[in-house]
Amino acid sequence: MADMLDSATREAGERLKTKVQRLFGHSLHIRHVDAGSCNACESEIKLLLNPYYDIQRLGIFFTTSPRHADLLLVTGPVTRAMVDPLRQTYEAMPDPRLVVAVGACACSGGIFGPSAFSQGGVEHVLPVDVFIPGCPPSPLTLIHGLLLALGRVEQRMQGHTRRIKMGRPLSVITPSMQEKEAQS
Amino acid sequence: MNWNLFPTFAFWTMFALYALGVALALLMRRERAITIAAALCAAAAGLAALVAGVGVLAGAPAPGGALDTNLPFGALSLRLDMLSAFFLAVIGLVSLPVAVYSIGYLKHSAGVRRLRAFGVLINLLLLSLVLIVAAADAIVFLMAWEAMAFLSYLMVNFEYEERQVIRASFLMLAVSELGTVGIFIAFLLLYRVAGGSGYDTLRAAAATLSTPLRSAVFLLAFVGFGAKAGILPLQLWLPEAHPAAPSHISALLSAVIIKLGIYGMLRFLLGFLLGTGALPAWWGLVILSVGAVTAIVGILYSVVQDDLKRLLAYSSIENIGIILAGLGAALTFYAYHLIALAAIAAIAMLYHVLNHAVYKGLLFLGAGSVNHATGTRKLAQLGGLIRLMPWTALFFIVAALAIAAVPPFNGYISEWMLLESLLQSFAIPDTLTKVVIALSGALIALTAGIAVTSFVRACGVTFLALPRSKEAAAAHEASLSMRLGMGFLAFFCLALGVLPTFVIPALDRVTTALLGQSVLNQVVPPLFTNHPGDYQLLVTLGGALFKGWLPVNGLVVIAAPAFSTIDSPSYLFLAELLLLGLVMLALRAIRPLGVRRSGRVWAGGIPRFEASMTYSGLAYSNPLRIIFNSFYRSRVESKAIAPAARHREGHITYEQEIPPPFERGVYRPLLRFGEWVTRPVRFIQSGNLNQYVFYIFLIVLIVLVLRAI
Amino acid sequence: MVFSWIRRGLRTGVLTTRYPAVQERLPEAFRGKPIMDASRCIAEQGCNACVQVCLPDALSLQTVVESAGNEATQLVLDYARCVACGLCVSACPQQALRMTNEYELAASRREDLRMVTLFAPPDTSDGENGKEENNGRYA
Chain A
2 MADMLDSATR
12 EAGERLKTKV
22 QRLFGHSLHI
32 RHVDAGSCNA
42 CESEIKLLLN
52 PYYDIQRLGI
62 FFTTSPRHAD
72 LLLVTGPVTR
82 AMVDPLRQTY
92 EAMPDPRLVV
102 AVGACACSGG
112 IFGPSAFSQG
122 GVEHVLPVDV
132 FIPGCPPSPL
142 TLIHGLLLAL
152 GRVEQRMQGH
162 TRRIKMGRPL
172 SVITPSMQEK
182 EAQS
Chain B
21 MNWNLFPTFA
31 FWTMFALYAL
41 GVALALLMRR
51 ERAITIAAAL
61 CAAAAGLAAL
71 VAGVGVLAGA
81 PAPGGALDTN
91 LPFGALSLRL
101 DMLSAFFLAV
111 IGLVSLPVAV
121 YSIGYLKHSA
131 GVRRLRAFGV
141 LINLLLLSLV
151 LIVAAADAIV
161 FLMAWEAMAF
171 LSYLMVNFEY
181 EERQVIRASF
191 LMLAVSELGT
201 VGIFIAFLLL
211 YRVAGGSGYD
221 TLRAAAATLS
231 TPLRSAVFLL
241 AFVGFGAKAG
251 ILPLQLWLPE
261 AHPAAPSHIS
271 ALLSAVIIKL
281 GIYGMLRFLL
291 GFLLGTGALP
301 AWWGLVILSV
311 GAVTAIVGIL
321 YSVVQDDLKR
331 LLAYSSIENI
341 GIILAGLGAA
351 LTFYAYHLIA
361 LAAIAAIAML
371 YHVLNHAVYK
381 GLLFLGAGSV
391 NHATGTRKLA
401 QLGGLIRLMP
411 WTALFFIVAA
421 LAIAAVPPFN
431 GYISEWMLLE
441 SLLQSFAIPD
451 TLTKVVIALS
461 GALIALTAGI
471 AVTSFVRACG
481 VTFLALPRSK
491 EAAAAHEASL
501 SMRLGMGFLA
511 FFCLALGVLP
521 TFVIPALDRV
531 TTALLGQSVL
541 NQVVPPLFTN
551 HPGDYQLLVT
561 LGGALFKGWL
571 PVNGLVVIAA
581 PAFSTIDSPS
591 YLFLAELLLL
601 GLVMLALRAI
611 RPLGVRRSGR
621 VWAGGIPRFE
631 ASMTYSGLAY
641 SNPLRIIFNS
651 FYRSRVESKA
661 IAPAARHREG
671 HITYEQEIPP
681 PFERGVYRPL
691 LRFGEWVTRP
701 VRFIQSGNLN
711 QYVFYIFLIV
721 LIVLVLRAI
Chain C
3 MVFSWIRRGL
13 RTGVLTTRYP
23 AVQERLPEAF
33 RGKPIMDASR
43 CIAEQGCNAC
53 VQVCLPDALS
63 LQTVVESAGN
73 EATQLVLDYA
83 RCVACGLCVS
93 ACPQQALRMT
103 NEYELAASRR
113 EDLRMVTLFA
123 PPDTSDGENG
133 KEENNGRYA
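Residue numbers (my numbering), protein chains in the order written: chain A, 2 to 185; chain B, 21 to 729; chain C, 3 to 141.
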C-alpha cells in the first residue's frame with residue numbers, strides 16, 4: 002500500500018528509513034519519559050513487554066538511561082514543569098536518536114490542548130520523528146509506530162484535503178457570516 | 021675546591037644555621053620577619069643536611085667530631101656513618117619544603133609571641149633530629165631523643181586553646197616517654213657490659229652478651245622504638261597527635277620523626293646486635309608479623325575515617341608496618357644466611373622509608389592547604405576543590421598516586437621490591453618461617469589494595485564532585501610558599517620513581533655497611549655497557565635505542581638464584597609518555613570521523629546539581645566496613661522519625677561509630693590495672709610542696725650515706 | 003515447580019502474536035479509527051453535530067475564504083487529537099462517520115494525521131456539480 006502515500010510522505014518515510022536502518026539494524030533501546038500523561042499510555046506501553054506482544058523478539062528494549070537510548074518515547078502533553086527535564090533527556094542521548102510521541106496528548110495536546118500549563122504536544126519542544134495517535138494507542142499501534150520509526154513497516158495514514166463542490170448554493174450559516182449580518 | 025670536603029662543610033654549617041635560626045627568631049620584631057627568618061634558616065639548614073647526607077652516601081669522607089668532657093661516661097661524639105647519612109638526607113629532604121611551606125601557612129595565624137616560639141622551637145627540633153641521627157654515642161643519642169620528644173610535644177601543642185590538642189599532645193608525650201624507658205633500659209643493658217657509651221664499644225659489648233640478654237635488648241629496643249614509630253598496639257597517639265598538630269608539624273612528625281623510631285631499631289638491630297654470633301630467626305619473624313598486622317590494621321582504619329588528617333595518620337601506621345615487614349624479612353633472611361636476599365629486603369625497606377617521607381610529607385602539606393583554605397578537615401564537608409585549588413589538588417593527587425604504588429611514582433618501586441623480596445622466601449629451608457612470611461606477604465598485598473581504596477576516596481571526596489559546605493565553596497588556592505614546598509616534594513615523588521637507579525647505589529652502600537654484602541650488581545646490573553652479560557635481548561631492544569641518554573644502569577632487577585624479575589622504571593616512564601602521546605595523536609586523527617556534542621552531566625533531568633547527590637566518603641567506604649565489621653565492631657544506628665502528619669515528610673537519621681583499635685580490649689583494662697596497682701602508693705604524690713622538699717632532703721641524705729659506705 | 007511450568011507451557015503452546023509478519027485482526031467492536039463518508043455529510047447545511055460532541059476538538063468546522071465573496075466550509079478531522087470515543091459516530095444524523103477497527107495509525111509527519119474536507123460553493127466553470135473532487139484517496 003505504499004502507492005497510497007503521496008510524494009511528500011513517501012520522502013519523509015524514506016529519510017527516516019535511511020537515517021536509522023543503517024545504524025540501528027535490529028536492536029533499539031527506548032527511553033520513555035512521562036511528560037505529564039494520565040498514564041493510560043504507560044499502561045499500554047508496559048503491555049509491550051508481556052508474552053503476548055513481546056517486543057523484545059523484535060529487538061526492541063527499554064532502558065533507563067538516556068545515555069544508552071536510541072529512541073525517546075514521550076507521553077503526555079508536556080507540562081510546563083517537564084519541558085526542561087525532557088529537553089535535558091534529549092540532550093543526554095547520543096546521536097543518532099529518534100523521538101516518538103505516543104498518544105493524543107503527545108501528538109497534539111489531546112484533551113488538554115495548548116494552555117498555560119501544557120505545551121500542546123511534543124513537537125513544540127523536540128523534533129518528533131513518528132506520531133502515534135490514540136487514547137491510549139493499543140499495543141499493536143505502538144508496535145506499528147516503533148517499527149515505522151525503524152523503517153521496518155510502511156505507513157498507512159495519509160493526510161489529505163478533499164474538495165467537494167456542492168450542487169446547490171451554500172446555505173449553511175457560518176459564524177463569520179453571522180458576524181457580517183450583525184455588522185451590516 | 022676539594023668537593024670531597026663539601027659535605028663536611030655542609031654538616032657543620034647546618035648547626036650554625038640552626039643556631040642562627042634560633043637567634044633570629046628571638047631577635048626579630050615583626051611577625052612576618054620572625055616567621056620568614058626562622059623558616060629560611062631551617063630551610064637552608066635542611067638543604068645543608070641534604071647535601072651532607074647525599075655527599076657521604078656518594079662517597080665523601082664522613083664528618084664527625086668528639087667532645088671530651090669530664091663526665092664519667094666518656095666523650096660526646098658525633099659521626100655520620102652510612103646509616104646516619106641516609107637518615108640525615110631524609111631529614112633534610114623533608115625539612116626543607118616543610119620550612120618553606122610554613123612561611124605561607126603561618127601567615128595571619130598567630131601573634132608575635134607564638135610565632136617567636138615557633139621559630140625557636142622548629143630550629144631546635146630539627147637540631148635535635150639531626151643530633152639523633154648523627155650521634156655516635158648513647159649519651160648524645162639519649163639527650164637528643166628526649167629533647168626531640170619534648171620539643172615535638174611543644175610543637176604539636178601549638179594551638180593549645182583546644183582541649184583536644186592538649187590531650188593529643190600529652191598522649192604523644194606519654195607514649196613517647198614510655199618508649200624511652202624501654203630504650204633507656206636497652207642502652208643500659210649494653211652499657212653495663214661495655215663500660216663506655218660510644219657505638220663501637222656498645223657493638224663490641226653486644227657480641228659478648230648471652231642469648232637471653234640479647235633477646236631482651238632486642239625486645240626492649242623493638243618495643244621502645246616501636247612506640248615512637250607507631251607499631252601496634254602502641255599506635256594510639258598517632259591518630260590523635262597528627263590531626264591536632266598544625267599541618268607542617270604533622271608532615272614533619274609523620275615523615276621524619278616516626279622514621280627516627282625506625283632509625284633506632286636499625287641502629288640497634290643491624291648496628292649493635294648483628295655482630296658475631298647467630299641471629300635467632302624468631303627476631304625477624306616477630307618484626308615481620310608485627311609489621312604485617314600493623315599494616316593491615318592501619319589501613320583498615322584509614323579507609324573509614326572522615327577526618328582527612330586522621331586518615332593520613334592511620335596510613336602512616338600502615339606504612340610503618342610495611343617498613344617493619346621489610347626489616348623483619350631482612351633479618352629472617354640474614355638468620356638463614358641468605359645475605360643477598362637480606363640486603364635486597366633492606367634496600368626495599370630503606371627505599372620505602374625515603375618514599376614514605378616524601379609522599380606522606382606532601383600529603384600532610386596538601387591536607388594543610390585544604391584545612392587552611394576551608395577551615396575544615398572533614399571529608400563530609402569538602403568537595404569540588406580541584407577547581408578552586410588546582411595546584412594543591414595536583415600535588416595531592418601525585419602523592420596519592422605515589423602512596424598507592426602507581427608507576428611512574430616512587431611508591432611503586434619500594435612496594436614492588438618489598439613484595440618481590442618476600443616472595444623469595446622459598447629459599448628458606450624452614451616450613452614455619454615460610455608460612456609466616458607467606459601470610460605476611462598476603463597481608464601486605466591486601467594492605468596495598470585497601471590503600472588504593474583509601475586514597476581514591478580521600479582524593480575523590482575532597483577534590484572532585486561539588487563543594488559540600490559553604491566553607492569548601494569559598495576555598496582559595498594556597499599561597500606561593502606553600503605551593504613551592506608541595507611542588508618540591510611532588511617533583512621528588514616523580515624523580516625517585518623514574519630514576520631509582522641513582523638512589524639504589526646509595527642505599528646499597530648503607531646495606532653494605534650494615535650487612536656486609538653489596539647486591540648492587542644484582543639489583544641494578546650495569547646494563548647498556550659494553551659487557552651486557554646475560555641480558556642480550558633487552559640490551560639490543562633498549563640499550564641501543566637510548567644509549568648515552570639514559571642512566572647506564574637502566575634496570576632494576578631482583579636476581580635470585582633460580583630466576584630473576586626485571587623492571588625498568590625509567591623505560592616504563594618513557595613508554596608511558598610515548599603511549600600517552602600516541603593515544604592523543606590517534607584521537608586527533610579520528611576526531612573528524614564522529615560528531616562531537618558536549619552537554620551536561622546526566623543526573624535524571626533535574627534542574628540543578630546539589631552536593632548531596634554526590635558520592636560521599638561514608639558511602640564509598642561502607643562496603644569495606646560491612647565486610648570487616650567483625651573486626652571494626654562498629655555501631656550503626658538508623659532511626660526513622662515519623663512525620664508530623666501522614667502526608668508530610670519524615671526524617672531518617674543514620675549514625676555510625678567506629679571505635680579506635682584496642683581501646684576497649686587493651687587500653688582500658690591496662691589503665692584500670694595500672695590505677696589499681698598504684699593506688700597503695702598514691703600517697704607519695706600528694707601535691708604538698710613541703711613533702712616534696714622533704715623527699716629531696718631524704719634522697720640527698722641517702723646518697724651521702726651510700727657514698728660514705 | 004519448574005515442571006508444572008513446563009507442562010503448562012506445552013499445554014498452552016505459543017501465545018505470542020506474530021505481528022508484523024502476520025496482520026492481526028482485531029474484533030469489530032474495537033474502536034480504532036473513525037472514517038468519514040463526505041458524500042453523506044450535511045455540514046454545509048448547518049449541521050455540526052459531530053463538532054459539538056467531539057471532546058478533544060478533533061473534529062472542527064471552519065470557514066475558509068477562497069476568493070472574494072467566496073467562502074467555503076471546512077471540516078477537519080485531526081487524528082492527532084482523536085481519542086476514539088465514538089461519540090461522533092452516534093451523533094451524526096446521516097451516519098456519515100463510521101468507526102473502523104484499524105490500528106496501524108502511526109505517521110511520520112503531523113500533516114498525515116489531518117483529514118480536511120472542504121465544502122466549496124458551486125461555481126459555473128464546469129457542469130459537474132455535486133461530485134467529489136479530491137486530490138487524495140479516500141482514506
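All C-beta atoms in this analysis are idealised placements derived from N, C-alpha and C, irrespective of residue type, glycine included. On a predicted model such as this, the values are computed, not experimentally measured, just so you know.
Within the region 79-96 of chain C, Asp80, Tyr81, Ala82, Arg83, Cys84, Val85, Ala86 place their CB atoms closer than 7 Å to a CB of chain A, listed in sequence order. When beta bridges are read from the DSSP output, C/Gln64 appears opposite C/Gln76. Contacts with chain C at 8 Å (Cβ-Cβ) do not include A/Glu45. In terms of Cα proximity to B/Trp32, the closest of B/Leu351, B/Asn177, B/Ala236, B/Ala64 is B/Ala64. Collapsing the DSSP output to three states places B/Ala447 in a helix. For B/Arg628, the closest Cβ of chain A is not nearer than 8 Å.
Contact residues of the region 79-106 of chain A toward chain B are Asp85, Pro86, Gln89, Thr90, Glu92, Ala93, Asp96 (C-beta to C-beta distance below 7 Å). Interface flag for A/Pro134 against chain B is unset, since no Cβ pair is found closer than 8 Å. Listed along the chain, the chain A residues whose CB falls inside 7 Å of the CB of B/Val615 are Asp96.
Under the three-state reduction of DSSP, C/Tyr21 is assigned to coil, being neither helix nor strand. Less than 8 Å divides the Cβ of B/Val313 from the Cβ of B/Leu252. As computed with DSSP, A/Val131 is found in a beta bridge with A/Val101. Interface residue (Cβ-Cβ distance to chain C less than 8 Å): A/Pro52 is classified as such.
Burial check for B/Asn339: the Cβ neighbour count within 10 Å reaches 16 or more, so the residue is buried. Counting only runs of at least 3 residues, the region 341-385 of chain B fully encloses no beta strand (DSSP E) element at all.
Taking the CA atoms as reference points, B/Leu256 sits about 32 Å from B/Ala226.
Of all residues in the region 66-78 of chain A, the ones placed with a Cβ closer than 8 Å to any Cβ belonging to chain B are Ser66, Pro67, Arg68, in chain order. For B/Ala62, the closest of B/Ser148, B/Thr89, B/Leu385 by C-alpha to C-alpha distance is B/Ser148. In summary, B/Asn375 is buried, with 16 or more beta-carbon neighbours lying within 10 Å of its beta-carbon over all protein chains present. Among the residues of chain A, those whose CB is under 9 Å from the CB of B/Arg620 are Gln89, Glu92, Ala93, following chain order.
In the DSSP assignment, A/Thr162 falls outside any alpha helix (DSSP H) and lies within the beta strand (DSSP E) extending over 161-166. By the C-beta density criterion, B/Leu344 is buried, having at least 16 other C-beta atoms within 10 angstroms. Residues of chain A whose Cβ lies closer than 9 Å to the Cβ of C/Thr18 are, in chain order, Pro52, Tyr53, Tyr54, Asp55, Arg58. B/Ala595 is not bridged by DSSP to any residue. Residues are counted here when their Cβ sits less than 9 Å from a Cβ of chain A; for the region 100-117 of chain C these are Glu104, Tyr105, Glu106, Leu107, Ala108, Ala109, Ser110, Arg111, Arg112, Glu113, Asp114, Leu115, Arg116, Met117, given in chain order. The continuous beta strand (DSSP E) containing A/His33 extends over residues 29-35. For A/Thr76, the closest alpha carbon among the candidates A/Gly111, A/Asp7, A/His145 is that of A/Gly111. A direct Cα-Cα distance of roughly 18 Å separates B/Leu126 from B/Lys329.
Secondary-structure assignment with DSSP links B/Gly85 through a beta bridge to B/Leu98. Around the Cβ of B/Asn710, a 10 Å sphere holds fewer than 16 other Cβ atoms; the residue is exposed. B/Asp326 is the residue among B/Leu594, B/Ala422, B/Asp326 whose C-alpha sits nearest the C-alpha of B/Asn642. Considering only B/Ile278, B/Leu239, B/Pro81, the residue with the shortest C-alpha distance to B/Asn22 is B/Pro81. Bounds of the beta strand (DSSP E) holding C/Met38 are 35-38.
For B/Leu443, same chain residues with a beta-carbon under 7 Å away, outside a window of 5 residues either side, are Gly461 in chain order. In the DSSP secondary-structure assignment, B/Glu677 is bridged to B/Arg655.
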